[in-house]
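Peer 1:
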Amino acid sequence: MLAKFTEMRKQSSILRKQYAFLLAESTEMNARYTEMRKQLSILRKQYAFLLAKSTEMRKQSGILLIEIDLIGY
Numbered sequence: 008m009l010a011k012f013t014e015m016r017k018q019s020s021i022l023r024k025q026y027a028f029l030l031a032e033s034t035e036m037n038a039r040y041t042e043m044r045k046q047l048s049i050l051r052k053q054y055a056f057l058l059a060k061s062t063e064m065r066k067q068s069g070i071l072l073i074e075i076d077l078i079g080y
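With this note's numbering as the guide, the letters of the sequence shown map in order to residues 8 to 80.
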């Protein structure tokens with residue numbers, strides 16, 4: 008009976024260590040996930056800005072082509 012109790016305590020100790028390890032891993036992964044979400048948000052904003060700039064430049068290019076055509080170049 009004592010041997011069984013000792014074995015159960017040993018297993019309990021192992022499980023507590025595994026739980027602590029998994030909790031630390033989970034916390035680290037959550038922090039990485041949060042950081043990735045922040046970076047994705049920044050990239051989306053940069054993409055929207057660049058898309059707007061690209062659209063503006065295409066519009067200006069079209070206007071310049073019309074002006075050049077009107078001038079007769």
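C-beta: ideal position from N, C-alpha, C; glycine also.
Owing to the predicted nature of the structure, the values given are computational and were not obtained by experimental measurement.
Tell me where the alpha helix (DSSP H) around residue 15 begins and ends.
Peer 2: Locating residue 15 in the sequence shown gives position 8, where the first residue counts as 1. Element bounds for residue 15: 9–78.
Peer 1: For residue 9, which residues of its own chain have a beta-carbon under 6 Å away from its beta-carbon, when the five flanking residues on both sides are left out?
Peer 2: In the sequence shown, the residue the question calls residue 9 occupies position 2. Excluding residues within five positions, none has a Cβ falling inside 6 Å.
Peer 1: In whole angstroms, give me the CA-to-CA distance for residue 68 and residue 42.
Peer 2: In the sequence shown, counting from the first residue as 1, residue 68 sits at position 61. In the sequence shown, counting from the first residue as 1, residue 42 sits at position 35. When rounded, the distance between both Cα atoms is 39 Å.
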